[in-house]
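Remarks on the structure that follows.
In mature numbering (1 follows the signal peptide of the UniProt record, and there is no 0), the protein residues as written are -17 to -1, 1 to 147.
Laid out in structure tokens, this is it:
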């Protein structure tokens, strides 16, 4: 039952991402120069152990979509943050299933440029010399921001963290 619910959630996220995020990322998948947009990280859930087994990037603009995502995040008794979607939106990123610990995903920053908002998603992987837990992880990250008058898209950056 849980597997079916997770698969349905992943499908919903991908459909939501397509519906809410029509713009394409800037050339070369690099964060452009522009006015910095304030982001507030959401907390109260595990950033490493989620139900999201597939990668996803979602611009959440409605309480319906937020309720579905939050239902998979805030599972240990924590209440999901109330979001006034007339004033704010949520940006959500999931890395999908990883074979060990040491993986992290963040929405590090966002800029407003040329009539659009571009958010940078940073995926961090452990280097070959890192010691990490040998358990499956499913990293996620969510931020809230003021509702923009422009479209929102994501660019990606991958980082390898080398341990000493």
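For glycine and all other residues, C-beta sits at the position ideal for the given N, C-alpha and C.
Here the structure is a predicted model, which is why all the values come from computation and not from measurement.
Three-state secondary structure (DSSP) of residue i
i           : result
residue 145 : coil
residue 51  : helix
residue 14  : coil
The beta strand (DSSP E) enclosing residue i, as first and last residue numbers
i          : result
residue 65 : Segment: none, residue 65 is in no beta strand (DSSP E) and carries neither H nor E.
Beta bridge counterpart(s) of residue i as assigned by DSSP
i          : result
residue 24 : 126
residue 39 : 77
Own chain partners of residue i with C-beta closer than 8 Å, once the 5 adjacent residues on each side are dropped
i           : result
residue 110 : 143, 144, 145 and 146
residue 62  : 27
residue 121 : 31, 32, 33, 34, 35, 36, 77, 78, 79, 80 and 81
residue 18  : 94, 95 and 96
residue 70  : 129 and 130
Same chain, Cβ closer than 6 Å to residue i, five either side skipped, listed in chain order
i          : result
residue 85 : 109, 113 and 115
residue 87 : 107 and 122
So within the stretch 114 to 146, which uninterrupted alpha helix (DSSP H) runs reach at least 4 residues, ignoring any that extend past its ends?
none
I'd like the ranges of any beta strand (DSSP E) spanning at least 3 consecutive residues and lying wholly in the stretch 76 to 116.
87 to 96 and 99 to 109
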